[in-house]
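*Asks:* The structure that follows is given in the form of structure tokens.
Number of protein chains: 2
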Amino acid sequence: MTEPLPQGSTVGILGGGQLGRMLAMAAARLGYKAHIYEPGAAPAADVAAARTMAAYDNTDALRAFAASCDVVTFEFENIPASALDHLARDAALYPDRRALEVSQDRLAEKTFLTDLGLRTAPFAPVGTAADLPDALAVTGTPAILKTRRFGYDGKGQARIATPDQAEEAVAILNGAPAIVEGFVAFSREISVIAARGLDGSIAAYDPGENVHQDGILATTTVPAAIPSSLKTDAILIASRILNALEYTGVLGVELFVTPQGLVVNEIAPRVHNSGHWTQAGCAVDQFEQHIRAITGWPLGDGARHANVVMENLIGDQIDEGLRLAAQPGTQIHLYGKAETRPGRKMGHVNRVTGPA
Amino acid sequence: MTEPLPQGSTVGILGGGQLGRMLAMAAARLGYKAHIYEPGAAPAADVAAARTMAAYDNTDALRAFAASCDVVTFEFENIPASALDHLARDAALYPDRRALEVSQDRLAEKTFLTDLGLRTAPFAPVGTAADLPDALAVTGTPAILKTRRFGYDGKGQARIATPDQAEEAVAILNGAPAIVEGFVAFSREISVIAARGLDGSIAAYDPGENVHQDGILATTTVPAAIPSSLKTDAILIASRILNALEYTGVLGVELFVTPQGLVVNEIAPRVHNSGHWTQAGCAVDQFEQHIRAITGWPLGDGARHANVVMENLIGDQIDEGLRLAAQPGTQIHLYGKAETRPGRKMGHVNRVTGPA
Chain C
1 MTEPLPQGST
11 VGILGGGQLG
21 RMLAMAAARL
31 GYKAHIYEPG
41 AAPAADVAAA
51 RTMAAYDNTD
61 ALRAFAASCD
71 VVTFEFENIP
81 ASALDHLARD
91 AALYPDRRAL
101 EVSQDRLAEK
111 TFLTDLGLRT
121 APFAPVGTAA
131 DLPDALAVTG
141 TPAILKTRRF
151 GYDGKGQARI
161 ATPDQAEEAV
171 AILNGAPAIV
181 EGFVAFSREI
191 SVIAARGLDG
201 SIAAYDPGEN
211 VHQDGILATT
221 TVPAAIPSSL
231 KTDAILIASR
241 ILNALEYTGV
251 LGVELFVTPQ
261 GLVVNEIAPR
271 VHNSGHWTQA
281 GCAVDQFEQH
291 IRAITGWPLG
301 DGARHANVVM
311 ENLIGDQIDE
321 GLRLAAQPGT
331 QIHLYGKAET
341 RPGRKMGHVN
351 RVTGPA
Chain E
1 MTEPLPQGST
11 VGILGGGQLG
21 RMLAMAAARL
31 GYKAHIYEPG
41 AAPAADVAAA
51 RTMAAYDNTD
61 ALRAFAASCD
71 VVTFEFENIP
81 ASALDHLARD
91 AALYPDRRAL
101 EVSQDRLAEK
111 TFLTDLGLRT
121 APFAPVGTAA
131 DLPDALAVTG
141 TPAILKTRRF
151 GYDGKGQARI
161 ATPDQAEEAV
171 AILNGAPAIV
181 EGFVAFSREI
191 SVIAARGLDG
201 SIAAYDPGEN
211 VHQDGILATT
221 TVPAAIPSSL
231 KTDAILIASR
241 ILNALEYTGV
251 LGVELFVTPQ
261 GLVVNEIAPR
271 VHNSGHWTQA
281 GCAVDQFEQH
291 IRAITGWPLG
301 DGARHANVVM
311 ENLIGDQIDE
321 GLRLAAQPGT
331 QIHLYGKAET
341 RPGRKMGHVN
351 RVTGPA
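Top line first, the protein sequences correspond to chains C and E. For the first sequence, UniProt numbering gives the first residue as 1, with consecutive numbering after it. For the second sequence, UniProt numbering gives the first residue as 1, with consecutive numbering after it.
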């Protein structure tokens, strides 16, 4: 076992939203200082020892930031490659460049997954409108056209119900490289949150069952109502991905449950909204697990000791927080965002529904 | 139900140690900003949105601090009364002045408890050395001589094994008003952490069983190995104290288990080291509970869904954190203190030993 970063070391976090905020608090719990890098409003800065407010293409600011940190991580995957280049020169960066490159590009991600022998939705690249008929021949309709890069919570996507809607769909891309994905007939959506340490050890949490509304995660429930064989499959899939990427940190894998088994929807190289339940159900939550991984601590074992329902508070659902907080076994997490906007994640609650 | 303080409000915390640090993070989880007031090094400041570094007798700084806060609380009870006067003029202060006055003075505390009909160790006030023979006649020997004010973790105390050691013991007080306490023959030490909300509602956690070493808490274990009738008694005692003080916030009550029932050792008007296990065993931990109470949120119910052993890391025991962190179900909390000193609380671990 190698020694972890010494007490008082600085963990740099790119991005100052709620994930960065919860990572910063987890870093503090392990005796580290957090330094947030965020161009705009940064609720994470309220719980961090330091904050840099600068654009992701500000080379000087990026390098000064990296120089002040012992390790750098991020709360979202859509970080410009140039920013990573500057950071990696001056600080350890986990997860590393490769994990980001795979997850930043839907085509690279799907190709990586199928090369690993994992099942995904049928997909095909779309460079221009002319590619679409051949692509739809692969995926069938209905299908979803998505930009290859910088998608999040359903943004940058268009549904193609029938081939004659294709031209209209392509128009919204503004010439950006895209991918078309076929639909998967699934009974449930689950996700598994897993981590790989600097020493190559792996720990996974029990898969959670996710319900989305309007393309945004609404609830995650553990245990998921699936057979234990599928739970094992989900954890094996996550482990295979972690090892193939020689990954360090926490990874989220979204999966569809189908009659033929599990199909990978997407991977997120970071702590994940569907892992928030671990704050109430596990001794070591996903945020502590990620900080453990990237700073060289042994991973927590991920054992679950409670059943939990995590419910996101989107937009003015934050006003329901008061009612929810009064319910038994309910833990509340609000993100300190100054402005409530429709579709914006304002907080979440974890409701413990019983011992595991 | 009244509305809680709005999102983005500021919770002021007097004291910047580990309790202030964990309170600041709990405030952030409820969408509040924390402002730490601390004359010296303040690990809590690393997770707070603002920090004032000034002495507790700096009137201008205290008033400016209070003016910047929507509510003020504290992480320890030995706050000069003058500081409270200045604070209370400009901000709501919870728990309030009376709770502090009772707990700041061992004589006032014991008198308050016995007036409530609760049992304590036999005690008697000691103004000068001349008072000691009469006092020891009340308490018997062995006894402990303690300064009435500003004691913590066994500091400012002297053991009197036999009456002829009395003079020597009094000398260490330097003329400070004191109290002598008799010994209680007890089988176990337990504590109960309970909260009272702004609306008068009360919630209590399951009592924990405490083991001290060298006068400092070493471990707290839940469940305590006591009959459920005593658990109920402990919670009723805490409730009686909370109501008598019209208290707002979290209170810790240390109790001795004796053949004749529970004897109150002392009360602490704040979150308490023996309540740290709630971070791993309950949906709402004592820190969130305290912030809920003082900001007008409904209290969490305190239900326990896991068995937990909390172990303090004192002085260079912090070096054991690495080994402990590798154990199953073990959550680690390090306080970010720059210097390791013997007897100093550097962190703690919560080990989940199973579902409740």
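Ideal Cβ positions, reconstructed from N, Cα and C, are used throughout, including at glycine. Computed from a predicted model, the values in this text were never measured in an experiment.
Does the stretch 245–259 of chain C come into contact with the stretch 185–200 of chain C, if we say contact requires no fewer than three beta-carbon pairs (one atom in each stretch) closer than 8 Å?
*Replies:* yes
*Asks:* Would you check if the distance between the CB atom of C:W95 and the CB atom of C:L107 is smaller than 8 Å?
*Replies:* The sequence shown places Pro at residue 95 of chain C, rather than the Trp named in the question. No, they are not a contact pair.
*Asks:* For chain E, is any of its Cβ atoms less than 8 Å away from the one on C:P259?
*Replies:* no
*Asks:* If you drop the 5 nearest sequence neighbours on each side, which residues of the same chain put their C-beta closer than 8 Å to that of C:A225?
*Replies:* If you ignore the 5 residues before and after C:A225, its C-beta comes within less than 8 Å of the C-beta of R188 and E209, all in its own chain and listed in chain order.
*Asks:* Using 7 Å as the cut-off, classify the Cβ of C:P227 as near or not near the heavy atoms of the ligand NAP, replying yes or no.
*Replies:* No copy of the ligand NAP occurs in the structure displayed, which carries no ligand at all.
*Asks:* Per DSSP, what kind of secondary structure is C:N174 in: helix, strand or coil?
*Replies:* In the three-state reduction of the DSSP assignment, C:N174 falls in the coil class, being assigned neither a helical nor a strand state.
*Asks:* Check the Cβ of E:W277 against every Cβ in chain C and list those closer than 9 Å, keeping chain order.
*Replies:* Ordered by position in chain C, no residue passes the 9 Å Cβ test against E:W277, which lies about 11 Å from the chain.
*Asks:* Could you check whether the stretch 26–35 of chain C touches the stretch 327–343 of chain E, counting it as contact only if at least three pairs of C-beta atoms, one from each stretch, sit closer than 8 Å?
*Replies:* yes
*Asks:* Just to make sure I have the definition right: I need the residues of chain E whose C-beta is within less than 8 Å of the C-beta of C:P355. Which are they?
*Replies:* H305, A306, P355 and A356
*Asks:* Give me, in chain order, the residues of the same chain whose beta-carbon lies closer than 8 Å to that of C:I318; leave out the 5 immediate sequence neighbours on both sides.
*Replies:* L334, T340, M346 and G347
*Asks:* Tell me whether C:P133 sits in a helix, a strand or coil according to DSSP, three-state version.
*Replies:* helix
*Asks:* Tell me, to the nearest whole angstrom, how far the beta carbon of C:H86 is from that of C:A66; I am working on the premise that it is less than 8 Å.
*Replies:* 7 Å
*Asks:* Measuring CB atoms only, is the stretch 266–276 of chain C touching the stretch 124–138 of chain C, in the sense that at least three cross pairs come out at less than 8 Å?
*Replies:* no
*Asks:* Quick one: residues in its chain with C-beta nearer than 6 Å to the C-beta of E:A238, no 5 flanking neighbours on either side, listed in chain order?
*Replies:* V192, A194, A204 and V253
*Asks:* Please state whether the Cβ-Cβ distance between C:T10 and C:H35 is less than 8 Å.
*Replies:* Yes; because the gap between Cβ atoms is below 8 Å, this pair is in contact.
*Asks:* In this structure, what does DSSP give as the bridge partners for E:T248?
*Replies:* Bridge partners of E:T248: none, in fact.
*Asks:* Which chain E residues are close to C:F335, counting only those with a beta carbon under 8 Å from its beta carbon?
*Replies:* One point to set straight first is that residue 335 of chain C is Tyr, not Phe, in the sequence displayed. Listed along chain E, the residues sitting closer than 8 Å to C:Y335 by beta-carbon distance are G31.
*Asks:* Three-state secondary structure (DSSP) at C:A92?
*Replies:* strand
*Asks:* Taking C-beta pairs closer than 7 Å, name the residues in chain C that E:N350 reaches, listed in chain order.
*Replies:* A283
*Asks:* The alpha helix (DSSP H) that contains C:V102, what's its start and end?
*Replies:* R97 to Q104
*Asks:* For C:L299 and C:R292, I'd like the C-alpha separation in whole angstroms.
*Replies:* Each residue's Cα considered, the two are about 6 Å apart.
*Asks:* In angstroms with no decimal places, state the Cα-to-Cα distance between C:F112 and C:R149.
*Replies:* Rounded to the nearest angstrom, the two C-alpha atoms are 15 Å apart.
*Asks:* Show which residues of chain C have a CB atom less than 9 Å away from the CB atom of E:A338.
*Replies:* Q7 and G8
*Asks:* Within the same chain, show all residues whose beta-carbon is closer than 7 Å to that of C:A244, passing over the 5 residues directly before and after it, in chain order.
*Replies:* L116
*Asks:* Looking at chain E, which residues of the stretch 12–42 of chain C have a Cβ within less than 9 Å of any of its Cβ atoms?
*Replies:* R21, M22, A24, M25, A28, R29, L30, G31, Y32, K33 and A34
*Asks:* Inspect the beta-carbon positions of E:R351 and E:G329 and report whether they are closer than 8 Å.
*Replies:* yes
*Asks:* Can you give the beta carbon distance from E:W277 to E:T220, rounded, assuming they're within the 8 Å contact cut?
*Replies:* About 5 Å separates the two Cβ atoms, so the contact holds.
*Asks:* Mind checking the stretch 66–90 of chain E against chain C and listing, in chain order, the residues whose C-beta falls within less than 8 Å of any C-beta there?
*Replies:* none
*Asks:* Strictly under 8 Å for the Cβ-Cβ distance: is C:E320 near chain E by that measure?
*Replies:* no
*Asks:* Helix, strand or coil, according to DSSP, for E:P125 in the structure here?
*Replies:* strand
*Asks:* Listing by chain order, which chain C residues have their CB less than 7 Å from the CB of E:V47?
*Replies:* M25, A28 and V47
*Asks:* Taking 8 Å as the threshold (beta carbon to beta carbon), is C:D131 in contact with chain E?
*Replies:* Not a single CB atom of chain E sits nearer than 8 Å to the CB of C:D131.
*Asks:* In this structure, what does DSSP give as the bridge partners for E:V253?
*Replies:* E:V192 and E:I267
*Asks:* What does E:P328 reach in chain C if we use C-beta pairs closer than 9 Å?
*Replies:* A283, G300, D301 and A303
*Asks:* Three-state secondary structure (DSSP) at C:I226?
*Replies:* coil
*Asks:* Spell out whether any CB of chain E is found under 8 Å from the CB atom of C:E288.
*Replies:* yes
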